[in-house]
Ligand SMILES: Cc1cc2nc3c(=O)[nH]c(=O)nc-3n(C[C@H](O)[C@H](O)[C@H](O)COP(=O)(O)OP(=O)(O)OC[C@H]3O[C@@H](n4cnc5c(N)ncnc54)[C@H](O)[C@@H]3O)c2cc1C
Ligand code: SF4
Ligand code: FES
Ligand code: FES
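See the structure below:
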């Protein structure tokens, strides 16, 4: 690990001022310390933001507001989260391990970096780590990589589980920077790789995530997160789906769907949602709609299986919305 | 000569604080004795100003309460909590497996919650209470979960065991040990290369019933 300085801040303003002059925030450290040890991340100055008052989880009107420093475990165990947004709780519990969930913050989770093995291998080309060096995954081991939103420069998936749930639920980010506060959909936090895969998010220099806001709604309680992976637990997704249905009088009024493990960012599937509206929920309808998920999919040498696994995961997730978590 | 130094694999981390070789640690009768006598060492190097120089190797003072005893140490900010426990404080019961957050061998309780100590910096935990495997015995009596591991053969080589036990204590305290299935899911952050899982699950289930 390269040397760095570490300072603590006690106010949001001080944190933003420090970050504006090139310092890097550290929250749980579970992404950052890991990558600093590998010297993939090389910040010279860190600002410990853990003492900022940003851990609160509260209800505001019909919205659920989750502070950026709330820990994954605490969000998942919170009674309001379980009652109003079981999808958020379920997606959190399916991610990482109990120990990591006690450490990792929601803000840090959204900004976690890719799990592509070449990203950490200094002797392999990787445009994300070293711009314009090439992409070892495109011709290499790519079974875990994306089929949607890829470019000729990077094909890594976004690894967060909770981000998939938040994108499905139309959650928004509340951020503050040197030029004040703004909010925008969580979906817009993530960039597509294009020809600049080293740029991953849309935060401006110095911007601090304050909170994530999840709107309440009719479909939010009939919602499930299904994560398909190589082990029964504690593994990143091969394919995952956050699905929600609002069914009234036997007819689907609203559907929500976002998927993980297949896209270069958490991937909302509005075409699939639209195909379900006005239909009676059953397996045939789900299967027909789920095929639409593959539009624009570009499989790699090692991940053709995702073309089959993705629609199946979607169908099963919608079926599960009728079952209790 | 420092067998315990620089086991991080990066080759770049600097040892800090008093250095001891394993033999000296053992001669002291284990880490707890050493921790209790830790001196406050090394003057603090220049505090971080408004434009600190890149590549600074200034140490920072940290006060920790480890297994109920207060210790003050000067640490390089790069030191993980795991390395400070093992190398600075000589508490080698906590193990380093992957050093990447993936195996759970380094699990300790931080302010009562189970965490992996390899992915956090010691300097971020001023005033924190840390419990390690060395702090579980009371008056020569094993902790009930330690006793259950012995009774149910919850180990083979034993390398993952301190982490399994610290994680198991967290698992039981969280109320996640009601059934073998629940235990398997909530203990999945701890990998056992010997595959002692049946014994581990049985030990956690047994201790949970008695808790
Ligand atoms: C072994 C292992 C398995 C894992 N498995 C999963 C999994 O299955 N699913 C999953 O979703 N995740 C998984 N993770 C990832 C884990 O969830 C993330 O590492 C964690 O959520 C990051 O949060 P943190 O608080 O530790 O972030 P940090 O490491 O502290 O920070 C990460 C990044 O976010 C920035 N940052 C942090 N907070 C803010 C803020 N408030 N405003 C602006 N920037 C900020 C930091 O500067 C840094 O760039 C796994 C991690 C490990 C090590
Ligand atoms: S897929 Fe992205 S992260 Fe992986 S090697 Fe290619 S450029 Fe790097
Ligand atoms: S050594 Fe910390 S999790 Fe493996
Ligand atoms: S007992 Fe050997 S690794 Fe678990």
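Protein chains in written order, with the numbering used here: chain A, 19 to 343; chain B, 97 to 307.
All residues carry an ideal CB built from backbone N, CA and C; glycine is no exception.
State the Cα-Cα distance for the pair residue 240(B) and residue 191(B), rounded to the nearest angstrom.
-> Counting from 1 along the second chain, the entry for residue 240(B) is found at position 144. Counting from 1 along the second chain, the entry for residue 191(B) is found at position 95. Taking C-alpha positions only, residue 240(B) is separated from residue 191(B) by approximately 21 Å.
What whole-angstrom Cβ distance do residue 339(A) and residue 215(B) have, given they're in contact under 8 Å?
-> Indexing the first chain from 1 puts residue 339(A) at position 321. Indexing the second chain from 1 puts residue 215(B) at position 119. About 35 Å; that fails the 8 Å criterion.
Could you tell me the boundaries of the beta strand (DSSP E) in which residue 19(A) lies?
-> Translated into the one-based positions of the first chain, residue 19(A) becomes position 1. First-last for residue 19(A): undefined, no H or E at that position.
Would DSSP call residue 182(A) helix, strand or coil?
-> The residue you call residue 182(A) lines up with position 164 of the first chain. Three-state DSSP puts residue 182(A) in a helix.
Beta-bridge pairing of residue 157(B) - partner residues as DSSP gives them = On the second chain, position 61 is the one that residue 157(B) refers to. According to DSSP, residue 157(B) bridges with 170(B).
If you run the structure through DSSP and keep just helix, strand and coil, what is residue 203(A)?
-> Position 185 of the first chain holds residue 203(A). If DSSP states are grouped into helix, strand and coil, residue 203(A) belongs with the strands.
Looking at the structure shown, is residue 144(A) part of a helix, part of a strand, or coil, going by DSSP?
-> Counted from its first residue, the first chain places residue 144(A) at position 126. In the structure shown, residue 144(A) sits in a strand (DSSP, three-state: E or B).
Is residue 177(A) near ligand 2, going by C-beta to nearest heavy atom under 7 Å?
-> Position 159 of the first chain holds residue 177(A). Residue 177(A) Cβ: outside cutoff for every heavy atom of ligand 2.
C-beta contact flag for residue 65(A) and residue 33(A) at 8 Å | Indexing the first chain from 1 puts residue 65(A) at position 47. Indexing the first chain from 1 puts residue 33(A) at position 15. Yes, these two residues count as a Cβ contact at 8 Å.
Starting from residue 331(A), follow the alpha helix (DSSP H) in both directions and report where the run begins and ends.
-> Numbered from 1 along the first chain, position 313 holds the residue referred to as residue 331(A). 323-338 is the span of the alpha helix (DSSP H), which, as asked, contains residue 331(A).
What residue from 219(A), 102(A) and 323(A) has the CA that sits closest to residue 235(A)'s CA?
-> Sequence index remark: in the first chain, residue 235(A) carries index 217 (1-based). Measuring C-alpha to C-alpha distances from residue 235(A) to each of 219(A), 102(A) and 323(A) identifies 102(A) as the nearest.
Sufficient close CB pairs (3 or more, under 8 Å) joining the stretch 171-181 of chain A to the stretch 276-294 of chain A | Proximity of the stretch 171-181 of chain A to the stretch 276-294 of chain A meets the contact definition, three or more beta-carbon pairs being nearer than 8 Å.
Could you give the C-beta distance for residue 245(B) and residue 307(B), rounded to a whole number, given that I count them as a contact under 8 Å?
-> Working through the second chain from its first residue, we reach residue 245(B) at position 149. Working through the second chain from its first residue, we reach residue 307(B) at position 211. That belief does not hold up - the Cβ atoms of residue 245(B) and residue 307(B) are roughly 14 Å apart, past 8 Å.
So, does the CB of residue 132(B) fall closer than 8 Å to a CB anywhere in chain A?
-> Counting from one through the second chain, the residue named residue 132(B) turns up at place 36. The predicted model places residue 132(B) with a pLDDT of 36, which falls under 50 and marks its position as unreliable; any figure quoted below should be read in that light. Taking Cβ atoms only, chain A never reaches closer than 8 Å to residue 132(B), which makes this a no.
Under three-state DSSP, which class holds residue 149(B)?
-> The residue you call residue 149(B) lines up with position 53 of the second chain. Note that residue 149(B) scores 48 on pLDDT, short of 50, meaning its location in the model is unreliable; the coordinates nonetheless yield the value given after this. Residue state, collapsed to three classes: coil.
Which residues, taken in chain order from the stretch 206-220 of chain B, show a beta carbon closer than 7 Å to some beta carbon of chain A?
-> Taking 7 Å as the Cβ-Cβ cut-off against chain A, the residues of the stretch 206-220 of chain B that qualify are 209, 210, 211, 212, 215, 216, 217, 219 and 220.
Would you call the stretch 131-145 of chain A and the stretch 283-291 of chain A touching, i.e. three or more CB-CB distances under 8 Å?
-> no
Compare the C-beta of residue 154(B) with all C-beta atoms of chain A and state if any pair is closer than 8 Å.
-> Start at 1 with the first residue of the second chain, and residue 154(B) comes out as number 58. With respect to chain A, the C-beta atom of residue 154(B) has a partner C-beta closer than 8 Å.
Give the interface partners of residue 281(B) over in chain A, defined as CB-CB distance under 8 Å, in chain order.
-> Taking the second chain and counting its residues from 1, the one referred to as residue 281(B) is at position 185. Result: 250 and 251.
Express the C-alpha separation of residue 257(B) and residue 58(A) in angstroms, rounding to a whole number.
-> Position 40 of the first chain, counting from 1, holds the residue named residue 58(A). Position 161 of the second chain, counting from 1, holds the residue named residue 257(B). A direct Cα-to-Cα measurement between residue 58(A) and residue 257(B) gives close to 31 Å.
May I ask you to report which of helix, strand or coil DSSP gives residue 217(B)?
-> Translated into positions along the second chain, residue 217(B) becomes position 121. Reduced to three states, the DSSP call for residue 217(B) is strand.
Buried versus exposed, by CB contacts within 10 Å (16 or more), residue 97(B) = In the second chain, the residue the question calls residue 97(B) occupies position 1. Only weak support exists for where residue 97(B) lies, its pLDDT of 31 falling under 50; the coordinates are left without a value.
How about residue 269(A) and residue 298(A): are their beta carbons less than 8 Å apart?
-> Taking the first chain and counting its residues from 1, one reaches residue 269(A) at position 251. Taking the first chain and counting its residues from 1, one reaches residue 298(A) at position 280. Contact flag set, yes.
Option nearest residue 39(A) by Cα separation, candidates 203(A), 95(A), 225(A) and 117(A) = Working through the first chain from its first residue, we reach residue 39(A) at position 21. Of the candidates 203(A), 95(A), 225(A) and 117(A), the residue whose Cα lies closest to the Cα of residue 39(A) is 225(A).
Is residue 293(B) helix, strand or coil by DSSP?
-> Your numbering for residue 293(B) matches position 197 in the second chain. Secondary structure of residue 293(B) (DSSP, three-state): helix.
Could you give the C-beta distance for residue 189(B) and residue 234(B), rounded to a whole number, given that I count them as a contact under 8 Å?
-> For the purposes of this step, residue 189(B) is taken as residue 93 along the second chain, with counting starting at 1. For the purposes of this step, residue 234(B) is taken as residue 138 along the second chain, with counting starting at 1. Not a contact, Cβ separation roughly 16 Å.
Could you check if residue 322(A) is buried or exposed, using at least 16 other CB atoms within 10 Å of its CB as the buried criterion?
-> As a working mapping, residue 322(A) is identified with position 304 in the first chain. Residue 322(A) should be labelled exposed.
In chain order, what residues of the same chain lie with their CB nearer than 6 Å to the CB of residue 155(A), ignoring the 5 residues before and after it?
-> Indexing the first chain from 1 puts residue 155(A) at position 137. Excluding sequence neighbours, residue 155(A) sits near 134, 136, 163 and 173.
Quick one: what does DSSP say residue 253(A) is sitting in, helix, strand or coil?
-> For the purposes of this step, residue 253(A) is identified with residue 235 of the first chain, where counting begins at 1. Note: residue 253(A) maps to coil in three-state DSSP.
Partners in chain A for residue 260(B), counting only beta-carbon separations shorter than 8 Å | Locating residue 260(B) in the second chain gives position 164, where the first residue counts as 1. None at all; the shortest Cβ gap to chain A is about 12 Å.
8 Å Cβ cutoff met for residue 117(A) and residue 268(B) | For this step, residue 117(A) is matched to residue 99 along the first chain. For this step, residue 268(B) is matched to residue 172 along the second chain. Result no, Cβ atoms of residue 117(A) and residue 268(B) do not sit closer than 8 Å.
With C-beta atoms as the reference, is residue 262(A) less than 8 Å away from residue 142(A)?
-> Locating residue 262(A) in the first chain gives position 244, where the first residue counts as 1. Locating residue 142(A) in the first chain gives position 124, where the first residue counts as 1. No; because the gap between Cβ atoms is not below 8 Å, this pair is not in contact.
Check each candidate in 212(A), 315(A), 115(A) and 27(A) and name the one with the smallest Cα separation from residue 150(A).
-> The count along the first chain starts at 1 and reaches residue 150(A) at position 132. For the residues 212(A), 315(A), 115(A) and 27(A), the minimum Cα distance to residue 150(A) belongs to 212(A).
Give the secondary structure of residue 93(A) by DSSP, where H, G and I count as helix, E and B as strand, and everything else as coil.
-> By 1-based counting over the first chain, the position of residue 93(A) is 75. Helix.
Residue burial classification, residue 60(A) (beta-carbon count within 10 angstroms, cutoff 16) = Reading the first chain from its first residue, position 42 is the one you call residue 60(A). Exposed: under 16 other Cβ atoms inside 10 Å.
Pocket of ligand 4 (residues with CB nearer than 5 Å to any heavy atom), chain order | 251(B), 252(B), 253(B), 255(B), 256(B), 288(B), 289(B), 290(B) and 292(B)
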